[in-house]
Amino acid sequence: MGSLRSLKTLEERDELVTAVLGFYTEGRVHAPLQQFREGLSVFCVLAAMEEHCDVLAPVFLADQKTLCASDVVALFVTRSFSLSGSNRKRAEIKTIAYWRDWLLRVEGKKVPNEKLFILVQRLSFTVY
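Under the numbering used here, the first residue of the sequence shown is numbered 57, with each subsequent residue one higher.
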């Protein structure tokens, strides 16, 4: 995707990026959501959901439980394929220790998801 004219300001670039992202995400998600709605309406589930959303919310929505360090650690299974005593094995152990220390440090504090995602991305590049 692109633009048929040159962009002269950063605001124009930001507008183009926003438009492209909106088109891409809405375009990819629209058809599956429509299919999901049609599937729910076959047995009148959609109408029941719209009429009694407060009653059916626990069925469709996850608990609003606060994540703790043990929950996040459980999401990531550490597999080590490196040989014992190798530099790569030492780097893996160091990375895993850093990850767990960071989780313990931020547990109970408000941490933006962006910081967590950045850390996970950096760790995935560090280990492999």
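We put the beta carbon where it would ideally sit given N, CA and C, even for glycine.
- Straight-line spacing of the CA atoms in Gly141 and Thr151 works out to 15 Å.
- Annotation for Arg146: the continuous alpha helix (DSSP H) segment containing it runs 143-162.
- Here the alpha carbon of Cys100 sits roughly 48 Å from the alpha carbon of Arg161.
- Ranked by Cα distance from Phe137, the options Leu131, Val128, Ala147 are led by Ala147.
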